[in-house]
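*Asks:* Could you have a look at this structure, given as structure tokens, before my questions?
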Amino acid sequence: MIDTTLCRVLLVEDEPGDAHLIRSTLLAARSVNFYITWVATLAETRVQLHESLPYDVLLLDLSLPDSSGLETVHACRQVAGPLPIIVLTGHDDTDFALRTLDYGAQDYLVKGSFDTEGLIRAIRYAISRARLEHRLHDSEQFAISTIDALSAHICVIDRSGKIVIVNQSWRNFYEKNFPGHSDSMSGINYLTVCDNAVGPGSEQAASMAAGIRSVIEGEQDTFVMEYACHSATDQYWFVARVTRFQTDSRYVVVSHQDITERKLVEARDRLLVAALEAVNHGVVITDTQARIEWVNPAFETLTGYAKEEAIGFRPTELVKSGLQDEEFYQNLWQTILKGGTWHGELINRRKDGSLYHEEFSIAPVRDENGDINHFVGVKLDISERKRLEAELWEMATTDALTGLFNRRHFMARLAEELARLQRLEHHHVSVLMLDIDHFKHINDTYGHAVGDEMLKHIATLMRHELRRIDTIGRLGGEEFSIYLSGTDLAAAVVFADRLRQKIADMPLKIDGQSISTTVSIGIAAMEAADAQADAVLIRADHALYRAKSGGRNRVKVTCRHCPD
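Numbering-wise, this note's numbering puts 375 at position 375 of the sequence shown, and it's gapless, one number per residue.
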């Protein structure tokens, strides 16, 4: 009944003797500390309810100087809100008692017929019943807010086909595209509308009606159909989904999800649409502490957690991957606690441990007082799109044979490094041009397949020698380039000679053969005065030419103060 040992009681009784008796009865209680405020009129009652601290229960006599009978109950209920009311009367009249309950009272007691324990039990019952009624009201508002928050056009119909309720998206669509058209609003028989459809959409309407009936009759759990719905000015495509209520076979849910954007994208780019055709939206509802109260089947499919496993836990306790830092979640919470909608992407973990990319939207749901009491999140699996993006990026930036950056991307990175050099004082960048000696001889002697293996072998050796801040690319054929960030020429020469020696000492092992090769390396320093990134490559290429002309398998440097 009571969260603490204190219970605040507003006693409305115009007879001082009766008021004293009731006070004495309450004050005799040992288990509860009653704080009692006594007033004698309806007017005083209104003042107390408006200006004083909140009460836990109202004990009401029906015969007051300024009000009497059921009107007293009605007037108090208007000002008391959800506060539980117990009627105290001197008349033992069952019919009258039931009418007081209809007018908003939680219980009815006859004066002189109860003791302390009986009155405490009645107070406990009244408070519990009032809280239950309040929760039922919140639950109804919560359900309406939830379906109104969804982008799909949703209606609920009974077994006869009559529309019971529609959400805001449904109403907005029909008001915009069919002004004055009431055939698809509450109270209308949806099946009759489909059966009577004429014109171009009649076949689709007939299919829809047949699908709804098959779900109503239990022939299938879900019916899905894609269809066009064009108005005089706009063209739309939808996917309709009909699903039975899981807990009440009298009703089915009909949803129409707008897939117009998907259809338009389909005409432009079939590859991307292939990744989006199987889009599923997982819906999760939590309390204000982020504990899950409800999830839909798509959430179960997406995460691998059944509804029974998820309820009571926070989403972060189930699917958090650890790949987002605490600041990420703090920003999310700051947004939704202020009443905003958060939308973004993150990586989560399924029950089986696998990772997936997710597009996530979460918004607060408010109660009738405007206070946030729940959050609704909508999840969309975008792993396939992310995979395709990664493949396209790799194709655009990587040499297919060696896995190194291709010439175009290497030059873009080199240009970024030049811009960095021009911004930072005392920053050094050295650029190496590397060419495999006598590579044509390897191709001619062993074949191009072995030549390709040699390119990959050299690429692997070079990659193992680099730091994370260094960048390497294949410029074409047997020619490679490396830039060493934060490295002057002296250090670059040491690195290049070590790399040259490693390549010479580690032949390619293939098909029982050991094929040795060497490389020639030219080095130049990037200069802030360079107008473009390829300027340093030209200087490094001159040094490479001198290395090859000087006998190969050696390192040469081009710089302002170096002898030619």
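Positions of the beta carbon are idealized from the N, C-alpha and C atoms, including for glycine.
To the nearest angstrom, how far is it from the Cα of Gly-201 to the Cα of Ala-210?
*Replies:* For the purposes of this step, residue 201 is taken as residue 201 along the sequence shown, with counting starting at 1. For the purposes of this step, residue 210 is taken as residue 210 along the sequence shown, with counting starting at 1. Approximately 14 angstroms between the Cα atoms of the pair.
*Asks:* What's the gap between the Cα of Glu-358 and the Cα of Arg-350?
*Replies:* For this step, residue 358 is matched to residue 358 along the sequence shown. For this step, residue 350 is matched to residue 350 along the sequence shown. Here the alpha carbon of Glu-358 sits roughly 11 angstroms from the alpha carbon of Arg-350.
*Asks:* Which residue or residues does DSSP assign as beta-bridge partners of Ser-67?
*Replies:* Translated into positions along the sequence shown, residue 67 becomes position 67. According to DSSP, Ser-67 bridges with Leu-64.
*Asks:* Please confirm if the segment 399-419 is in contact with the segment 304-312, defined as three or more CB-CB distances below 8 angstroms between the two stretches.
*Replies:* no
*Asks:* Given His-646, which residues of its chain have a CB within under 7 angstroms of its CB, disregarding the five upstream and five downstream residues?
*Replies:* What the structure shows of the chain is the stretch from 1 to 564, and residue 646 is not part of that stretch, so it cannot be assessed.
*Asks:* Let's see if you can read the secondary structure: which residues bound the alpha helix (DSSP H) around Tyr-190?
*Replies:* The sequence position of residue 190 within the sequence shown is 190, counting from 1. 190-195 is the span of the alpha helix (DSSP H), which, as asked, contains Tyr-190.
*Asks:* Can you list, in chain order, the residues of its chain with a C-beta nearer than 7 angstroms to that of Ser-520? Leave out the 5 residues immediately preceding and following it.
*Replies:* Here residue 520 corresponds to residue number 520 of the sequence shown, with the count starting at 1. So the list reads Asp-435, Asp-437, Leu-544, Ala-547, Lys-548, Arg-552, Asn-553, Arg-554, once near-sequence residues are dropped.
*Asks:* In chain order, which alpha helix (DSSP H) runs of at least 4 residues are fully inside the segment 321-377?
*Replies:* The DSSP assignment places 326-337 as complete runs of the alpha helix (DSSP H) inside the segment 321-377, in order along the chain (cut-off: 4 residues).
*Asks:* Between Thr-286 and Asn-296, what straight-line distance do the alpha-carbon atoms span, to the nearest angstrom?
*Replies:* The sequence position of residue 286 within the sequence shown is 286, counting from 1. The sequence position of residue 296 within the sequence shown is 296, counting from 1. Each residue's Cα considered, the two are about 12 angstroms apart.
*Asks:* How should Pro-16 be labelled, buried or exposed, when 16 other C-beta atoms within 10 angstroms of its C-beta is the threshold for buried?
*Replies:* Locating residue 16 in the sequence shown gives position 16, counting from the first residue. Result: exposed.
*Asks:* Tell me which residue opens and which closes the alpha helix (DSSP H) that Thr-25 is part of.
*Replies:* Taking the sequence shown and counting its residues from 1, one reaches residue 25 at position 25. Counting along the chain, the alpha helix (DSSP H) containing Thr-25 begins and ends at 16-27.
*Asks:* State the DSSP-derived secondary structure class of Cys-229, mapped to helix, strand or coil.
*Replies:* The residue given as residue 229 occupies position 229 in the sequence shown. In the structure shown, Cys-229 sits in coil (DSSP, three-state: anything other than H, G, I, E or B).
*Asks:* Where do the N-terminal and C-terminal ends of the alpha helix (DSSP H) with Tyr-446 fall, by residue?
*Replies:* Along the sequence shown, read from residue 1 onward, the residue named residue 446 stands at position 446. First-last of the alpha helix (DSSP H) with Tyr-446: 439-446.
*Asks:* For the 8 angstroms Cβ check, are there 3 or more pairs between the segment 437-450 and the segment 507-519?
*Replies:* yes
*Asks:* Name the residue from Lys-320, Asn-33, Ile-292 whose alpha carbon lies nearest to the alpha carbon of Ile-586.
*Replies:* Residue 586 is absent from the structure shown; the chain starts at 1 and stops at 564.
*Asks:* Select from Thr-558, Ala-529, Ala-533 the residue whose C-alpha is nearest the C-alpha of Ala-540.
*Replies:* Indexing the sequence shown from 1 puts residue 540 at position 540. Checking every option, the nearest Cα to that of Ala-540 belongs to Thr-558.
*Asks:* Under 8 angstroms by Cβ, that's how I've got Tyr-227 and Gln-246 pegged, so tell me the actual separation to the nearest angstrom.
*Replies:* What you label residue 227 is simply residue 227 of the sequence shown in a count that begins at 1. What you label residue 246 is simply residue 246 of the sequence shown in a count that begins at 1. With 8 angstroms as the limit, Tyr-227 and Gln-246 do not qualify as a contact, their Cβ atoms being about 26 angstroms apart.
*Asks:* What span of residues does the beta strand (DSSP E) with Gln-257 cover, start to end?
*Replies:* For the purposes of this step, residue 257 is identified with residue 257 of the sequence shown, where counting begins at 1. Where Gln-257 is concerned, the enclosing beta strand (DSSP E) stretches over 251-258.
*Asks:* For His-153, list the residues DSSP reports as bridge partners.
*Replies:* Here the question's residue 153 lines up with position 153 in the sequence shown. DSSP output for His-153 lists His-256 as bridge partner(s).
*Asks:* Hey, Ile-12 and Leu-64 are a contact pair by Cβ (cut 8 angstroms); roughly how many whole angstroms apart?
*Replies:* As a working mapping, residue 12 is identified with position 12 in the sequence shown. As a working mapping, residue 64 is identified with position 64 in the sequence shown. The amino acid at residue 12 is misidentified as Ile; the sequence shows Val. About 7 angstroms separates the beta carbon of Val-12 from that of Leu-64, a gap short enough to meet the 8 angstroms contact definition.
*Asks:* Assign Phe-173 to one of three DSSP states: helix, strand, or coil.
*Replies:* As a working note, residue 173 is residue 173 in the sequence shown. Residue state for Phe-173 is assigned as helix, using DSSP reduced to three classes.
*Asks:* Could you give the DSSP three-state label for Val-32: helix, strand or coil?
*Replies:* In the sequence shown, the residue the question calls residue 32 occupies position 32. In this structure, Val-32 counts as coil in the three-state DSSP scheme.
*Asks:* I need the straight-line Cα distance from Val-450 to Ile-510, nearest angstrom please.
*Replies:* Against the sequence shown, residue 450 aligns to sequence position 450. Against the sequence shown, residue 510 aligns to sequence position 510. Looking at the two C-alpha atoms, the distance is approximately 8 angstroms.
*Asks:* Residue range of the alpha helix (DSSP H) that Phe-410 falls in?
*Replies:* Here residue 410 is taken as the residue at index 410 of the sequence shown, counted from 1. First-last of the alpha helix (DSSP H) with Phe-410: 407-423.
*Asks:* Assuming Ile-127 and Pro-84 are in contact, meaning their beta carbons sit under 8 angstroms apart, how far apart are those beta carbons, in whole angstroms?
*Replies:* Counted from its first residue, the sequence shown places residue 127 at position 127. Counted from its first residue, the sequence shown places residue 84 at position 84. Yes, they are in contact, since the Cβ atoms of Ile-127 and Pro-84 sit about 5 angstroms apart, within 8 angstroms.
*Asks:* Mind checking which residues open and close the alpha helix (DSSP H) that includes Trp-436?
*Replies:* To locate residue 436, count along the sequence shown from 1; it is residue 436. It should be noted that the sequence gives Ile, not Trp, for residue 436. Where Ile-436 is concerned, there is no enclosing alpha helix (DSSP H), although the beta strand (DSSP E) it sits in stretches over 429-436.
*Asks:* Would you identify the three-state DSSP class for Val-494, choosing helix, strand or coil?
*Replies:* In the sequence shown, residue 494 corresponds to position 494, counting from 1. Here Val-494 sits in helix by DSSP.
*Asks:* Tyr-190: which of Tyr-251, Ala-528, Leu-62, Val-73 sits nearest, CA to CA?
*Replies:* Within the sequence shown, numbered from 1, the residue matching residue 190 stands at position 190. Of the listed residues, the one whose Cα sits closest to Tyr-190 is Tyr-251.
*Asks:* Taking just the CA atoms, how far does Val-429 sit from Asp-488?
*Replies:* Your numbering for residue 488 matches position 488 in the sequence shown. Your numbering for residue 429 matches position 429 in the sequence shown. Near 6 angstroms, if we compare the C-alpha coordinates of Val-429 and Asp-488.
*Asks:* Which residue marks the beginning of the beta strand (DSSP E) containing Leu-11, and which one marks its end?
*Replies:* Position 11 of the sequence shown holds residue 11. Here the beta strand (DSSP E) through Leu-11 covers 6-12.
*Asks:* Report yes if the CB atom of Ser-186 is closer than 8 angstroms to the CB atom of Ile-163, and no otherwise.
*Replies:* Reading the sequence shown from its first residue, position 186 is the one you call residue 186. Reading the sequence shown from its first residue, position 163 is the one you call residue 163. Yes.
*Asks:* Closest to Phe-410 by CA distance: which of Val-376, Ser-481, Ile-469, Asp-367 is it?
*Replies:* Sequence index remark: in the sequence shown, residue 410 carries index 410 (1-based). With distances taken between Cα atoms, Phe-410 lies closest to Ser-481.
*Asks:* Give the DSSP-derived three-state secondary structure of Thr-517 in the structure shown.
*Replies:* Taking the sequence shown and counting its residues from 1, the one referred to as residue 517 is at position 517. Thr-517 falls in the coil class under three-state DSSP.
*Asks:* Taking DSSP's pairing of strands, which residues face Ala-524 in a bridge?
*Replies:* To locate residue 524, count along the sequence shown from 1; it is residue 524. In DSSP, Ala-524 forms a bridge with Val-431, Thr-558.
*Asks:* Select from Leu-150, Thr-303, Met-208 the residue whose C-alpha is nearest the C-alpha of Phe-258.
*Replies:* Taking the sequence shown and counting its residues from 1, the one referred to as residue 258 is at position 258. The amino acid at residue 258 is misidentified as Phe; the sequence shows Asp. The shortest Cα separation from Asp-258 among Leu-150, Thr-303, Met-208 belongs to Leu-150.
*Asks:* Leaving out five residues on either side along the sequence, give the residues of the same chain with a beta carbon under 8 angstroms from the beta carbon of Thr-471.
*Replies:* Position 471 of the sequence shown holds residue 471. Hits under 8 angstroms: Phe-405, Phe-410, Arg-413, Leu-414, Glu-417, Ile-482, Tyr-483, Ser-485.
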